Structures are given as structure tokens and as C-alpha cells.
Amino acid sequence: MASDGARKQFWKRSNSKLPGSIQHVYGAQHPPFDPLLHGTLLRSTAKMPTTPVKAKRVSTFQEFESNTSDAWDAGEDDDELLAMAAESLNSEVVMETANRVLRNHSQRQGRPTLQEGPGLQQKPRPEAEPPSPPSGDLRLVKSVSESHTSCPAEELRKLSWSGIPKPVRPMTWKLLSGYLPANVDRRPATLQRKQKEYFAFIEHYYDSRNDEVHQDTYRQIHIDIPRMSPEALILQPKVTEIFERILFIWAIRHPASGYVQGINDLVTPFFVVFICEYIEAEEVDTVDVSGVPTEVLCNIEADTYWCMSKLLDGIQDNYTFAQPGIQMKVKMLEELVSRIDEQVHRHLDQHEVRYLQFAFRWMNNLLMREVPLRCTIRLWDTYQSEPEGFSHFHLYVCAAFLVRWRKEILEEKDFQELLLFLQNLPTAHWDDEDISLLLAEAYRLKFAFADAPNHYKK
Numbered sequence: 000m001a002s003d004g005a006r007k008q009f010w011k012r013s014n015s016k017l018p019g020s021i022q023h024v025y026g027a028q029h030p031p032f033d034p035l036l037h038g039t040l041l042r043s044t045a046k047m048p049t050t051p052v053k054a055k056r057v058s059t060f061q062e063f064e065s066n067t068s069d070a071w072d073a074g075e076d077d078d079e080l081l082a083m084a085a086e087s088l089n090s091e092v093v094m095e096t097a098n099r100v101l102r103n104h105s106q107r108q109g110r111p112t113l114q115e116g117p118g119l120q121q122k123p124r125p126e127a128e129p130p131s132p133p134s135g136d137l138r139l140v141k142s143v144s145e146s147h148t149s150c151p152a153e154e155l156r157k158l159s160w161s162g163i164p165k166p167v168r169p170m171t172w173k174l175l176s177g178y179l180p181a182n183v184d185r186r187p188a189t190l191q192r193k194q195k196e197y198f199a200f201i202e203h204y205y206d207s208r209n210d211e212v213h214q215d216t217y218r219q220i221h222i223d224i225p226r227m228s229p230e231a232l233i234l235q236p237k238v239t240e241i242f243e244r245i246l247f248i249w250a251i252r253h254p255a256s257g258y259v260q261g262i263n264d265l266v267t268p269f270f271v272v273f274i275c276e277y278i279e280a281e282e283v284d285t286v287d288v289s290g291v292p293t294e295v296l297c298n299i300e301a302d303t304y305w306c307m308s309k310l311l312d313g314i315q316d317n318y319t320f321a322q323p324g325i326q327m328k329v330k331m332l333e334e335l336v337s338r339i340d341e342q343v344h345r346h347l348d349q350h351e352v353r354y355l356q357f358a359f360r361w362m363n364n365l366l367m368r369e370v371p372l373r374c375t376i377r378l379w380d381t382y383q384s385e386p387e388g389f390s391h392f393h394l395y396v397c398a399a400f401l402v403r404w405r406k407e408i409l410e411e412k413d414f415q416e417l418l419l420f421l422q423n424l425p426t427a428h429w430d431d432e433d434i435s436l437l438l439a440e441a442y443r444l445k446f447a448f449a450d451a452p453n454h455y456k457k
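Given below as C-alpha cells:
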């Protein structure tokens, strides 16, 4: 556990005013329930006047806000929240960091680094500097003024990109995901309101899980959860019940996609990170919730639901009918790999290995089935620090991940052996250093290709 000094240092500039062949199962056929409109919460909405009067703009917005509380939390720091959504990392800063990580790793391993470009030509590097977190003046653009400004949100994302200390990770994830507001004073009230809101959904919806219209959804969730990992966590009865409620409520409130296999995996990182705030666990795979008070578990469940929802808002086309988002990303991955390492691409093609056969799961589960949970959590530190990290940046992580196994892929000369290898990659002993190297290479690829989509194709 990090010391109090480390915790204070991390939050020093960031804490005071910081601005989620597969068969589909569909959810509800009626509009999502809004507890604010159904009166299940303590807060009541303003009454409309009975006589026709010209509504003031402020009151109109307040009424609109009260009916769209899922979308945002309005307050004095709206500009800061807008800035959080609009900001992006300074490319020169992160490119420098990526190169440092790669050079340092290559020097210690005694082998040359991989250079971006067709075929990834190998070239030795000069003496390396030790890796350091992204530094420098990050900038963001507010769409209203189009002027560059600086705020603590930049510092939070800059510090988080290279990994978040465990003691402050729960709060940091809630801020980076947009679940908590930027203003410190408003956070307790927001948490209380959103937690009440979630359990109003439970009260209204959960008893309907055995209704004919919803029973297929609930049955599929009930079947999928025991198949998840780590088993030591998931098979605890309290955890199973929490995951069932979260997934069922999300499916009911998102009828465009409903529940789809793969969404269930996305609950685990949030739940583990939030519960580790209350218990000591040397390995995240061995978390035991039996000693956690019921009230705390309830709050963790609500926070997990909302953060997972924020993540899925950015990748929901991955889970709508025919999963077009995944189909498109797998195709983009194939075209990208054909440019950065033509030999690997040609080898897969010659042995009739199709990218959908191994990369579909990479996109559907965000690599959670390919790396240990501790590595997924480290990966998500960066994903939540990157603009469109779970959608756009994930593509480059997958490309770097495939090329990472270049030597082993080229040694396999049989379709079956190739596919078995790609579906069971040897990452059981990976740690934060492996993920840092992967992310550094992914950023190099993004820097080279993201702003030049024509480079995907020859």
C-alpha cells in the first residue's frame, strides 16, 4: 500500500477542482424507467405554472436538467467538465515517453527496438533514459472560445496515463469516467443521488427478470457469470448477485442492444478497483467480499453500474445488432497490421487465419480474456486517460499486441497451431512493465497512423 505522502503527492495538483457467431439477447421493449419522473427519489421536480407565461431560460434548463440527470450534472463547473471531455494529450510529450520506455526496455533486454513503418524494421537505439511519466504542458481546447488554457484535469490525465497508484485509483477512475463532477464540494451529493437512483431502478425493474419478456435476458446473464474470471471472486454468492443485478438493469435500460455476451466482463475491473478501497488484497484475483459491510457493497454496486454505463456509452455500437462496431474495428486492425508488419499479415493470410477468428474477442472483451486482471486494470488507467481510449486507442493496442508475438507467429506453419496460439497467448505472468511497453508501442502506432487514415491501405 502506498504511503500517505505518495497519496498526497498524486492529488496535490489534481484534487481540488477537477472538471463506460455470438447470439444476441435483447432487453426490454419499453422506454427506460426514470425514477425522477416516477417519484421514487426524495428530490421532486418543479411544478409547471397553470397559466401561460413566458418561461425564463434558467428555469427551462433546470427542468431539462432534472429530467436528464443521467447525461450530466449541471453546476458551477460546467466549463471544466466540458474541458475534460474535449482535452487531448500532447503528442510530443507522450511520444517522448513512449520512446523512452521502448529504449529502456530494449537496452535491458539487449535487443533493438521496433520502429514504426512497413515491416517494422529493426534499428538499434542509443543509450536509453529511464522511463518517466508524460510531462510538459498539456493543452485542451474549449469549443466555445477555441482558446488554449490550463486546468487540473490535464494534470490528472497526464499523471494517470502512466498508471495510477492503488490508494487513489477508485476516486481517479470515477473522475476520469465522468461519473463524479469536477467540483469537490458537489461529489458527496452526486454520489448519494446516483446511488439512490440506481436502487430505484432495482426496485422498479429487478422483479421483472422472470417475466416472459425478460426471462431470456436474465437466463443468459445467469449462465454467463459463472464462466467469468477470476473464479475465486465471481463465484462468491454476493458477487454473483451483484453482477446479475448490474447487467440486468443495464440491459433493461438499453433496449437498443440489450445484454450481449462480452458486456459481463466489463463489470469486473470497476468492481475490483472500487472494493479494494475497503479491503487489503495482495492479488486482485483473490479479493474476498465476505467481510465487507452490506451498505458498502451496495454503494460499490451502484458506482460500478454507473461507471460501466459511462464506458459502454462510448462503444455501444460494439453490442448492437450484428455488432457493427466490432466488425469495423477488426477490419481496421487487419489493414493496420498489413502496413506495420506485412510479413506477419501475409503469414496469417497464407495459412488462412482470419482476423475475426482471434481478434473478435479482443474487441468484444477489450483484451480482458487475453491478459491477467491486474494487467487489465493497469491498461484501463491509460484507456481512461486517452481520448476515446476504449474505442480508438484500443485498436492500436491490439495491433501492438499482435506484433508483440511476431517471432512466435512466424514460427508456426499450421493453421490449427497458429489459431490455438493466438487464442491462448502466454501472458499469465505479465505485469505492469509488459503493459507499459505495450502501451508505448501502441501510442507510437497511433501517432504514425491515427491522423492519416489512408495509411491503413497500400
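Residues in the sequence shown are numbered from 0 upward in steps of one, following numbering that gives the first Met the number 0.
All C-beta atoms in this analysis are idealised placements derived from N, C-alpha and C, irrespective of residue type, glycine included.
In this text the structure is predicted, and so the values were computed from the model without any measurement.
Keeping to the same chain, check which residues put their C-beta closer than 8 angstroms to that of residue i; ignore five residues upstream and five downstream.
i: residue 209; result: 217
i: residue 486; result: Absent from the model: residue 486. The displayed extent of the chain is 0 to 457, so no value can be given.
i: residue 293; result: none
i: residue 409; result: 342, 343 and 346
With a CB to CB cut of under 7 angstroms and the five nearest residues on each side skipped, what residues in its chain are close to residue i?
i: residue 243; result: 220, 221 and 224
i: residue 272; result: 168, 169, 172 and 376
i: residue 309; result: 19, 176, 177 and 178
i: residue 193; result: 301 and 305
i: residue 407; result: 420
i: residue 364; result: 261 and 264
Grab the span of the alpha helix (DSSP H) containing residue i for me, first residue to last.
i: residue 418; result: 414-422
i: residue 298; result: 293-312
i: residue 171; result: 168-175
i: residue 238; result: 236-252
i: residue 327; result: 323-339
i: residue 197; result: 186-204
i: residue 397; result: 393-402
i: residue 165; result: No alpha helix (DSSP H) contains residue 165, which DSSP labels as neither H nor E.
Around the C-beta of residue i, are 16 or more other C-beta atoms found within 10 angstroms, so that it is buried, or is it exposed?
i: residue 52; result: Confidence at residue 52 is low in this model, with a pLDDT of 43, below 50, so the placement of that residue is unreliable and no value is reported for it.
i: residue 347; result: buried
i: residue 281; result: exposed
i: residue 227; result: buried
i: residue 428; result: exposed
i: residue 289; result: exposed
i: residue 338; result: buried
i: residue 298; result: buried
i: residue 182; result: buried
i: residue 287; result: exposed
i: residue 196; result: buried
i: residue 187; result: exposed
i: residue 423; result: exposed
i: residue 385; result: buried
When the Cα of residue i is compared with those of the options, which residue comes out closest?
i: residue 387; options: 449, 338 and 418; result: 449
i: residue 399; options: 340, 364 and 190; result: 340
i: residue 361; options: 380, 397, 384 and 382; result: 397
i: residue 255; options: 305, 320, 273 and 297; result: 320
i: residue 201; options: 163, 432, 277 and 301; result: 301
i: residue 401; options: 359, 390 and 152; result: 359
i: residue 304; options: 267, 155 and 287; result: 267
i: residue 257; options: 181, 184, 193 and 322; result: 322
i: residue 353; options: 215, 185, 372 and 326; result: 326
i: residue 521; options: 385, 285 and 155; result: The shown model of the chain, from 0 to 457, leaves out residue 521, and the question about it has no answer.
i: residue 425; options: 369, 253 and 432; result: 369
i: residue 432; options: 410, 409 and 374; result: 374
Closer than 6 angstroms by C-beta to residue i: which residues in its own chain qualify, once you throw out the five before and the five after it? Chain order, please.
i: residue 355; result: 329
i: residue 213; result: 207
i: residue 234; result: none
i: residue 378; result: 434
i: residue 350; result: 414 and 417
i: residue 395; result: 441, 444 and 445
i: residue 421; result: 357
i: residue 307; result: 19, 265, 266 and 269
Less than 9 angstroms separating the beta-carbons of residue i and residue j?
i: residue 376; j: residue 283; result: yes
i: residue 249; j: residue 262; result: yes
i: residue 342; j: residue 405; result: yes
i: residue 383; j: residue 175; result: yes
i: residue 318; j: residue 295; result: no
i: residue 437; j: residue 393; result: no
i: residue 380; j: residue 162; result: yes
i: residue 229; j: residue 372; result: yes
i: residue 311; j: residue 391; result: no
i: residue 275; j: residue 412; result: no
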